[in-house]
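Participant: What follows is a structure written as C-alpha cells; I'll ask about it next.
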Amino acid sequence: MAFLLPLSLALGAMTAYLVDRRRERRLADIFKPEPEARLLGSRRLARLPLPNRERVLEIVRIFASDTPSSEVERKAFAQLKVATVGVALTTVGIFYFPLQIVGVACLLPTMAGVFADAFRHLIREWRVSGEVFSAVFLLGTLVGGFFLSLSVGGWFVVLVRWLAIRTEDHTKQGIINLFGQHMRSVWTIIDGTEVEVPIERMQAGDLIVVHAGQMVPMDGLIVEGYAVIDEHMLTGEAQPAEKGPGDRVMAATIAQAGRLSVLVEKTGAETTAAQIGQVLTDTNDFKASLISRADAFNDKISLPFLLLSAFFLPYIGLDRALGLMMGAPGYRMILYGPLSMLSFLHLAAREGILIKDGRSLETLLGVDTVVFDKTGTLTMEQPHITGVHTFAGYSQRDVLTFAAAAEAKQSHPIARAILAAAANQGIDLQSIEDAAYEIGYGIQVKLNGKQIRVGSSRFIETHNIPILPAIHLLQEETHRAGESLVLVAVEDQVAGGIVLQPTLRPEVRAVVGLLQKRGLKLYIISGDHEEPTRRMADELGIDGYYAEVLPADKAGLVKKLQEAGRTVCFVGDGINDSIALKSANVSISLRGATTIAIDTAHLVLMDGDLSKLPRIFSLAEEFAENMRINFLAATLPCVVIVGGALFLGWGLLPCTILYQVSVPFALYNTVRPLLTQSQSSIQIASDSTISEDAAPKTIAAFSKRLPDLALGE
C-alpha cells in the first residue's frame, strides 16, 4: 500500500496539465451567461394555469432536472454511458480476458480526471479529499489486476459525478425576467390612430395607450384620460391609485379601469420596476452556499480510511486492503443525498409546492420567525363591503342597486365586490339606458332616466356635485382605517357611500394557528396605514407588526430580525417584496406573484393556497428524517464490510458485491416519499375555501357593526 500513494500522485501530475485545459473550458461553460432560452422557462412558468400533477412535474423538471441544461451535464452523461459499456465489457471479459482490457480503457478519461483532482487537492491545497481516496483506490485495483472491481468502482464514481451535476442549483439567474406577462407589443398613437407596435421600438417621448386590464409597459406621464391603477406590486399599497393628466405611472402596474394616453419617460432598464430588479441582480451578499454534508463527511473519513488500509496492508494483503477501502461510506452519502432531494422536489411539486433551492429544506428546520407581507399574501385581490352609508333619503338597498347596475359589465375587483354584495341581498340588476360609459375615476350611466355616477370623490366633484362635510369626514375615517370609499350619486346629489375593506384569505386563521403550535413567532409587514395593520395583527393573534413600510425598508426589517438572532422565513409576493425575499433565510412566494418574485423566492406556492405553508415545514422535517435514514443506510453496510475484510477474510470482490447489493435497499429510502406519498398533508377544511368571485356575506352584518345603518327598503 505504501507505493500506491506516490504512484497515484505521479500519474496525477502527468495528467493534470491536460485536464486543466479541459477543466477551464468546463468552468467557462458553468459561469458563462445563461442563454435566453433558460429565461423563457420563467416566462413559460409564469403563464401556466393552475397545474395538475403532470404539469407540476413538468415544472419541477425545468428547475430540478434541467436535462440536459449544459455542456457539463452532457459530457458527464456521456462518460456515464461509456463507463456502463466498460462494466459490461469487463463482466464478459471474465470469460475472454482482452475484453477486460477494453472495458478498463473505457474508464481512462474518468480516471484521468480523478487523478488530476487528487493531485490538485493534495499538492496545491494540502488536503486529503474524497478524490485522493478514489485515486488511490482506482490505482490499487489497476495495479492488482482487479479489473471488474475497478470497472464497477469507476462506474460508481462517474454516476455520483453525474448526479451531483444534475442536482446542482440552477436557480440563480444573472438576468431576471421582470414581468409575469412579458409584453411584446404596445399600443401607440400614429396620425390619430391607435397602432400596435413592437415594444422594443418605443423610445422616450413616444405616446402609448393603456386600456383597462393592461399592464403599464413603461414609466411615463399621463397626458390624457383617467384610470384606476393597481400599484401594490411596486408600492405595497392595497388601495388602487387614481391617476389623471399630470400624474405619473410606473411600469409593471395594472390599469384596473379606464384608458390612458401616456408620454413615455423611461424604457427598458430605466423603468422603476427594472431598477428594482437590478438591485436584486447586484446584491452580492445573497445567502452564502451551504456546504454539502456529504462532501464534508467524505473528505473527513478519507484520510482515516487510507491510514487504516495502509496499516493493515502488510497483514491482510492488497486484495483485502482494497476491500477494507470499500467500507468508506462517503460516496454513498453523495449518491443518496441528491436522490432524496429529487424525491422531495417531486413530492412537494405533487402538492403544489415548487422548491427551487433544496437547501431551503435544511434551513427551514432552524426557522423560528415567519414574516408575512400583508397585501396580496394575507389578503385576497377582491375586497368586501363593510358598510353602506346613505344620504338624501336613499336607503342602502337603493345605493347598492344603483352601484350594481352601473358596475354590471365591469370586471375590476371593486366592481366584483359590489356585484357580489348585491347578489347576496337578492338585488336584481336593472337595465341601463343609453349605455354610454365615462370611465376614469368612476363610471356614469343612465338608469330609469336618471344620471347615475359611481366612483371616487374626485370623480364626483368633476361633475360639479357638492360633497357634504359629513362625506369628507367619512373619507378621512375610511382612509385611516385602510378602507376604500366609493360614492354613488343620483343626478346632482350624493346618494350614499360604499365602504370596502381588503378581504382576509379564508385559510389565514388556520395557518396562523398551525404555525404558532410549532412555536414560531409571527409578524406582519405592510405598506398600509397603522390602524388596519394593527387591527389585522390583533384579529389573527400575530406577535407583532410593522406598518407604513416602504418597499426598500422591508429587507432592512428582515435583517434587523436576523441581527437579533432570528432565523427568518419571509412570505410575500410582488416586486416590492423581492429584496426582502432575497434577504430572508428562507423565502416563500405565491403563484400569483410577479415573475421577479418567483425568480427570487426559494419556494413557491403554485396555486396560491396559503394553507400549504405549514406543509412546507413538515416536508422539511420529513426530509431531515429521510437524510438521517440515508446516513444509517450508508454506514451500517460499511461496518459489515470493514468487519468482513478484517476478520472474515473478505477480499475486494465480496466487499464490492455486498456494497452494490446493499445499494438498492438504500435507494428505496430515497424514493420512498414518492412511493408512499405522505398522507400527513395539512388539510384546511374544504368548506373554508371560497372563490374570489364570492365575497363574504357581510351586508347582513352591517347592523351589528353599524347599528344606525340597518338595511332598509
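Using the working numbering, the first residue of the sequence shown is number 1136, and each one after it goes up by one.
Glycine is no exception: its CB is placed at the ideal position from the N, C-alpha and C atoms.
#1: Counting Cβ pairs closer than 8 angstroms, one from the region 1247 to 1262 and one from the region 1232 to 1239, do we hit at least three?
#2: Could you spell out the range, first to last residue, of the alpha helix (DSSP H) harbouring Thr1805?
#3: If I follow the unbroken alpha helix (DSSP H) through Ile1849, where does it start and stop?
#4: Using the C-alpha atoms, what's the distance from Leu1443 back to Glu1208?
#5: Can you find the residues in the same chain that come closer than 8 angstroms, C-beta to C-beta, to Val1239, ignoring five residues on each side of it along the sequence?
#6: Report yes if the C-beta distance between Gly1393 and Tyr1361 is below 7 angstroms; otherwise report no.
#7: Could you pull out every residue in the same chain whose Cβ sits closer than 6 angstroms to the Cβ of Ala1137, ignoring the five residues on either side in sequence?
#8: What does the Cβ neighbour count give for Phe1272, buried or exposed, with the cut at 16 atoms within 10 Å?
#9: Does the distance from the CB of Val1643 to the CB of Thr1613 come in under 7 angstroms?
#10: Could you tell me which uninterrupted beta strand (DSSP E) segments, each at least 3 residues in length, are contained entirely in the region 1420 to 1504, listed from first to last along the chain?
#11: According to DSSP, simplified to helix, strand and coil, what is Pro1831?
#12: What are the boundary residues of the beta strand (DSSP E) that includes Ser1619?
#13: Using 10 angstroms around the beta-carbon of His1481, count the other beta-carbons present and answer buried if the total reaches 16, otherwise exposed.
#14: Taking its Cβ as the centre, do 16 or more other Cβ atoms sit within 10 Å of Thr1811, making it buried, or is it exposed?
#15: Taking a contact to mean a Cβ-Cβ separation below 7 angstroms, would you say Gly1458 touches Leu1242 in this structure?
#16: Suppose you measure from the CA of Leu1274 to the CA of Trp1785; what does that come to, to the nearest Å?
#17: Taking the DSSP output, what are the residues bridged to Arg1644?
#18: Per DSSP, Tyr1529 is paired with what?
#19: Which residue marks the beginning of the alpha helix (DSSP H) containing Ile1659, and which one marks its end?
#20: Cα-Cα, which of Lys1656, Ala1645, Val1684 and Gln1651 is closest to His1664?
#21: Tell me where the beta strand (DSSP E) around Gly1393 begins and ends.
#22: Taking C-alpha atoms, which residue in Gly1493, Gly1340 and Val1345 lies nearest to Leu1398?
#23: Could you tell me whether the Cβ atoms of Val1589 and Val1623 are closer together than 7 angstroms?
#24: Relative to the C-alpha of Asp1673, which candidate in Pro1686, Tyr1658 and Gly1662 has its C-alpha closest?
#25: Return the chain-ordered list of same chain residues with a C-beta closer than 8 angstroms to the C-beta of Gln1124, the five sequence neighbours on each side being excluded.
#26: Run the CB neighbour count on His1879, radius 10 Å, all protein chains shown included, and call it buried at 16 or more, exposed below.
#27: Alpha carbon to alpha carbon, what distance is there between Ile1587 and Arg1551?
#28: Measuring only the C-alpha atoms, how far is Val1265 from Ala1431?
#29: Quick test of the definition: if touching needs 3 or more C-beta pairs under 8 angstroms, does the region 1447 to 1464 touch the region 1742 to 1761?
#30: In angstroms with no decimal places, state the Cα-to-Cα distance between Phe1705 and Thr1219.
#31: Would you call Ala1556 buried or exposed, if buried means 16 or more other Cβ atoms sit within 10 Å of its Cβ?
#32: Is DSSP giving Met1671 helix, strand or coil here?
#33: Just to confirm, are Leu1582 and Ile1567 a CB contact at a threshold of 7 angstroms?
#34: Give me the DSSP bridge partner(s) of Val1629.
#35: Between the alpha carbons of Glu1377 and Leu1356, how many angstroms are there, rounded?
#36: Express the C-alpha separation of Leu1499 and Val1505 in angstroms, rounding to a whole number.
Facilitator: The answer reads as follows:
#1: Here the region 1247 to 1262 makes no contact with the region 1232 to 1239; the two share fewer than three CB pairs at distances below 8 angstroms.
#2: Locating residue 1805 in the sequence shown gives position 670, where the first residue counts as 1. For Thr1805, the uninterrupted alpha helix (DSSP H) run begins and ends at Leu1787 to Leu1810, by DSSP.
#3: Limits of the chain in this structure are 1136 at one end and 1848 at the other, which puts residue 1849 out of reach.
#4: For this step, residue 1208 is matched to residue 73 along the sequence shown. For this step, residue 1443 is matched to residue 308 along the sequence shown. So the two alpha carbons sit approximately 35 angstroms from each other.
#5: As a working mapping, residue 1239 is identified with position 104 in the sequence shown. The residues Gly1221, Thr1225, Leu1277, Phe1282, Leu1285 and Ser1286, in chain order, have a CB closer than 8 angstroms to that of Val1239 in the same chain once the five nearest residues on each side in sequence are set aside.
#6: Locating residue 1393 in the sequence shown gives position 258, where the first residue counts as 1. Locating residue 1361 in the sequence shown gives position 226, where the first residue counts as 1. Yes, they are a contact pair.
#7: On the sequence shown, position 2 is the one that residue 1137 refers to. Here Ala1137 scores only 39 on pLDDT, less than 50, and its place in the model is too uncertain to base an answer on.
#8: Here residue 1272 refers to the residue found at position 137 when the sequence shown is read from its first residue. Residue burial is scored here from C-beta neighbours: Phe1272 has at least 16 other C-beta atoms within 10 angstroms and is therefore classed as buried.
#9: On the sequence shown, position 508 is the one that residue 1643 refers to. On the sequence shown, position 478 is the one that residue 1613 refers to. Using a Cβ distance threshold of 7 angstroms, Val1643 and Thr1613 do not count as a contacting pair.
#10: The region 1420 to 1504 contains these whole beta strand (DSSP E) runs: 1488 to 1490.
#11: Stepping through the sequence shown from its first residue, residue 1831 is reached at position 696. Note that Pro1831 scores a pLDDT of 36, beneath 50, so its modelled location is shaky; the value from the coordinates is reported in the next line. Coil at Pro1831, not helix or strand.
#12: The residue labelled residue 1619 in the question sits at position 484 within the sequence shown. Start and end: Ser1619 to Val1625.
#13: On the sequence shown, residue 1481 is found 346 positions in, with the first residue counted as 1. His1481 should be labelled buried.
#14: To locate residue 1811, count along the sequence shown from 1; it is residue 676. Exposed, because fewer than 16 other Cβ atoms sit within 10 Å of the Cβ of Thr1811.
#15: Mapped onto the sequence shown, residue 1458 falls at position 323. Mapped onto the sequence shown, residue 1242 falls at position 107. Not closer than 7 angstroms, so no.
#16: Within the sequence shown, the letter at position 139 stands for residue 1274. Within the sequence shown, the letter at position 650 stands for residue 1785. Inter-residue distance for Leu1274 and Trp1785 is about 20 angstroms (C-alpha atoms, whole angstroms).
#17: As a working mapping, residue 1644 is identified with position 509 in the sequence shown. None, per the DSSP bridge assignment.
#18: If you number the sequence shown from 1, residue 1529 lands on position 394. Under DSSP, Tyr1529 shares a beta bridge with no residue.
#19: The sequence position of residue 1659 within the sequence shown is 524, counting from 1. Taken as a continuous stretch (DSSP letters only), Ile1659 belongs to no alpha helix (DSSP H), being part of the beta strand (DSSP E) at Lys1656 to Ile1660.
#20: By 1-based counting over the sequence shown, the position of residue 1664 is 529. Ranked by Cα distance from His1664, the options Lys1656, Ala1645, Val1684 and Gln1651 are led by Val1684.
#21: Locating residue 1393 in the sequence shown gives position 258, counting from the first residue. Boundaries of the beta strand (DSSP E) around Gly1393: Ile1389 to Lys1401.
#22: Translated into positions along the sequence shown, residue 1398 becomes position 263. The residue with the shortest Cα to Cα distance from Leu1398 is Gly1340.
#23: Here residue 1589 refers to the residue found at position 454 when the sequence shown is read from its first residue. Here residue 1623 refers to the residue found at position 488 when the sequence shown is read from its first residue. A contact, by the Cβ cut-off of 7 angstroms.
#24: Along the sequence shown, one-based indexing puts residue 1673 at 538. Taking only the C-alpha atoms, the option nearest Asp1673 is Tyr1658.
#25: Because the chain spans 1136 through 1848 in this model, residue 1124 falls outside it and cannot be assessed.
#26: Look at the range of the chain in this structure, 1136 to 1848, and you will see that residue 1879 is not part of it.
#27: As a working mapping, residue 1551 is identified with position 416 in the sequence shown. As a working mapping, residue 1587 is identified with position 452 in the sequence shown. Arg1551 and Ile1587: Cα-Cα distance of roughly 18 angstroms.
#28: Residue 1265 sits at position 130 when you count from the first residue of the sequence shown. Residue 1431 sits at position 296 when you count from the first residue of the sequence shown. Here residue 1265 turns out to be Gly, not Val, going by the sequence shown. Their backbone Cα atoms lie some 9 angstroms apart in a straight line.
#29: Taking 8 angstroms as the limit for Cβ pairs, the verdict is that the region 1742 to 1761 does not touch the region 1447 to 1464.
#30: Start at 1 with the first residue of the sequence shown, and residue 1705 comes out as number 570. Start at 1 with the first residue of the sequence shown, and residue 1219 comes out as number 84. When rounded, the distance between both Cα atoms is 45 angstroms.
#31: In the sequence shown, counting from the first residue as 1, residue 1556 sits at position 421. Its Cβ being crowded by 16 or more others within 10 Å, Ala1556 is buried.
#32: Reading the sequence shown from its first residue, position 536 is the one you call residue 1671. Collapsing the DSSP output to three states places Met1671 in a helix.
#33: In the sequence shown, residue 1582 corresponds to position 447, counting from 1. In the sequence shown, residue 1567 corresponds to position 432, counting from 1. Between Leu1582 and Ile1567, the C-beta gap is smaller than 7 angstroms, which places the two residues in contact.
#34: One-based indexing of the sequence shown puts residue 1629 at position 494. Beta-bridge pairing links Val1629 to Ala1624.
#35: Here residue 1377 refers to the residue found at position 242 when the sequence shown is read from its first residue. Here residue 1356 refers to the residue found at position 221 when the sequence shown is read from its first residue. About 14 angstroms.
#36: Your numbering for residue 1505 matches position 370 in the sequence shown. Your numbering for residue 1499 matches position 364 in the sequence shown. So the alpha carbons of these two residues sit roughly 10 angstroms apart.
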